[in-house]
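The structure under discussion appears below in the form of structure tokens.
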Amino acid sequence: MRHFAYSRPATFDEACHNAGHTRFLAGGTNLIDLMKSDVERPAHVIDIGSLPMHHIEDQPDGGLRLGALVTNADTAAHPLVVERYPLLASAILAGASPQIRNMATNGGNLNQRTRCHYFYDPAMACNKRSPGTGCAARGGRNRIMAVLGTSDACIATFPSDMCIALAALNATVNLHGPDGERTVGVRDYHCLPGETPWRDNILQPGEIVTAIDLPPAPFGPHHTYLKVRDRLSFAFAIVSVAVGLCMKDGRIGRGSIALGGMGTKPWCVPEAEALLDDRPPSHSLFRDVAGRLLHGATADRDNAAKIRLAPRVIERALWQAVSGTPQSQTDKTIR
Numbered sequence: 001m002r003h004f005a006y007s008r009p010a011t012f013d014e015a016c017h018n019a020g021h022t023r024f025l026a027g028g029t030n031l032i033d034l035m036k037s038d039v040e041r042p043a044h045v046i047d048i049g050s051l052p053m054h055h056i057e058d059q060p061d062g063g064l065r066l067g068a069l070v071t072n073a074d075t076a077a078h079p080l081v082v083e084r085y086p087l088l089a090s091a092i093l094a095g096a097s098p099q100i101r102n103m104a105t106n107g108g109n110l111n112q113r114t115r116c117h118y119f120y121d122p123a124m125a126c127n128k129r130s131p132g133t134g135c136a137a138r139g140g141r142n143r144i145m146a147v148l149g150t151s152d153a154c155i156a157t158f159p160s161d162m163c164i165a166l167a168a169l170n171a172t173v174n175l176h177g178p179d180g181e182r183t184v185g186v187r188d189y190h191c192l193p194g195e196t197p198w199r200d201n202i203l204q205p206g207e208i209v210t211a212i213d214l215p216p217a218p219f220g221p222h223h224t225y226l227k228v229r230d231r232l233s234f235a236f237a238i239v240s241v242a243v244g245l246c247m248k249d250g251r252i253g254r255g256s257i258a259l260g261g262m263g264t265k266p267w268c269v270p271e272a273e274a275l276l277d278d279r280p281p282s283h284s285l286f287r288d289v290a291g292r293l294l295h296g297a298t299a300d301r302d303n304a305a306k307i308r309l310a311p312r313v314i315e316r317a318l319w320q321a322v323s324g325t326p327q328s329q330t331d332k333t334i335r
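For the sequence shown, full-length UniProt numbering gives the first residue as 1, with consecutive numbering after it.
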């Protein structure tokens, strides 16, 4: 690890007005690993742990505000999250390990970087880590890599479970920076790689995620987070699906779906969700939804199996949501 300056500001303005090559430190479960691997080389690490972002608060509209420094474990266990947003609690519990969830924060989860093994190896070409060097994942060992939203410059998979649920819940991200405060929908927060794969999200220099707002969730029991992976814990998704459905008299009023493990960002297709509006559930409908979600999927050397597997995972998740039998994150048998 290289030498760096360290500070622990007491106010947002003090944190946001630092110049130069800086990185914000919260739980450190991602940043410290990257610094040890010599992938991240900040000249200045700004510890934001003392800023007032440690609470989960009720909102007047019936929604919930999640402080950026609340840990993933505390978020998943919070009574209001468990009661109103079990989809989010389930997705968080599907990710990482208990030890990591006890340290990782909501803001850090939102901003975590890809777990692509070429990105983590400074000896390999990676446009996300070193712009202009190429993408060693293309034509390499890329079974876990993305098939949606890729470009010639990058096929790295977006890693978070929590963010897939946030996308299905249409959450909003609150930011504070040198120019003041702003909000952005979580579906618009992360960037496609395009020709600038080093840009993971829309954060401007000096901006901090302060909170995540959840709108009222009308799904009741009709939700699920279904994650297919190589082992039953502490593994990233091969394919994951977050689904919430508004059901009435056996019909789907409307639905919300997000895919993980498949794209370079949380993958949502409004046209696919619209297919569910005011429709009775059926195998043919869910096949159409899966097809629309996966439109444009492109495989490289080793990851074509994702495209074959995903329709079945999407359909199973939709049926779990219809029946109100969400996937258990303790008994991981897929029913």
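No residue lacks a Cβ here, since even glycine has one placed at the ideal position from N, Cα and C.
These numbers come from a predicted model, not from an experiment.
**Report entry** CB-CB length for Ile-56 against Leu-69, believed under 8 Å
**Finding:** Not really, about 11 Å apart at Cβ, beyond 8 Å.
Requested in this report: Leaving aside the five residues before and after Ala-26 along the sequence, list all residues of the same chain whose C-beta is less than 7 Å from its C-beta, in chain order.
Outcome: Ile-48, Gly-49, Leu-69, Thr-105, Gly-107 and Gly-108
Query raised in the report: DSSP state of Trp-319, grouped into three classes?
Result: helix
Query raised in the report: Any contact of the stretch 164 to 184 with the stretch 204 to 221, i.e. 3+ C-beta pairs under 8 Å?
Result: yes
**Report entry** DSSP state of Gly-194 mapped onto helix, strand, coil
**Finding:** coil
Query raised in the report: How should His-222 be labelled, buried or exposed, when 16 other C-beta atoms within 10 angstroms of its C-beta is the threshold for buried?
Result: buried
**Report entry** Exposed unless 16 or more other CB atoms sit within 10 angstroms - verdict on Gly-67
**Finding:** buried
Query - Through-space distance from Cys-154 to Cys-135, alpha-carbon basis - result: 6 Å
Query raised in the report: Skipping 5 residues on each side, what residues in its chain have a beta carbon closer than 8 Å to that of Thr-133?
Result: Ala-125, Cys-126 and Asn-127
Query raised in the report: Any idea which residues DSSP pairs Asn-201 with across the strands?
Result: His-190
Query raised in the report: In the structure shown, what three-state DSSP assignment does Glu-181 receive?
Result: strand
Query raised in the report: Between the C-alpha atoms of Cys-246 and Pro-270, what's the straight-line distance to the nearest angstrom?
Result: 16 Å
Requested in this report: Would you list the one or two residues that DSSP bridges to Lys-227?
Outcome: Ser-240
**Report entry** Proximity of Arg-129 and Val-186 at Cβ, strictly below 7 Å
**Finding:** no
Requested in this report: Report yes or no: do the stretch 244 to 264 and the stretch 146 to 162 share at least 3 C-beta pairs separated by less than 8 Å?
Outcome: yes
Query raised in the report: How would you label residue 361, buried or exposed, when you count the other beta carbons within 10 angstroms and need 16 or more for buried?
Result: The chain is shown only over 1 to 335; residue 361 falls outside these bounds and no answer can be derived.
**Report entry** Buried or exposed by the 16-neighbour rule on C-beta atoms within 10 Å, applied to Gly-20
**Finding:** exposed
**Report entry** Complete alpha helix (DSSP H) runs within the stretch 59 to 134 (minimum length 4 residues, chain order)
**Finding:** 72 to 77, 79 to 84, 86 to 93, 98 to 101 and 106 to 111
Report task. Confirm, please, whether the CB-CB distance from Leu-259 to Ala-272 is below 7 Å. Result -> no
Query raised in the report: Mapping DSSP to helix, strand and coil, what is Val-45?
Result: strand
**Report entry** Inter-residue Cα distance where the pair is residue 336 and Tyr-225
**Finding:** Missing from the structure shown is residue 336; the chain here goes from 1 to 335 and no further.
Requested in this report: Keeping to the same chain, check which residues put their C-beta closer than 7 Å to that of Ala-297; ignore five residues upstream and five downstream.
Outcome: Val-147, Leu-148 and Ile-307
Query raised in the report: How do the stretch 85 to 102 and the stretch 190 to 200 stand: do at least 3 beta-carbon pairs fall below 8 Å, yes or no?
Result: no
Query - Residues of its chain near His-78, where Cβ-Cβ distance is below 6 Å and the 5 sequence neighbours each way are ignored - result: Ile-56
Query raised in the report: Which whole-angstrom value is the C-beta distance of Gly-139 and Asp-33, which I expect to be below 8 Å?
Result: With a Cβ gap of about 26 Å, Gly-139 and Asp-33 do not count as contacting.
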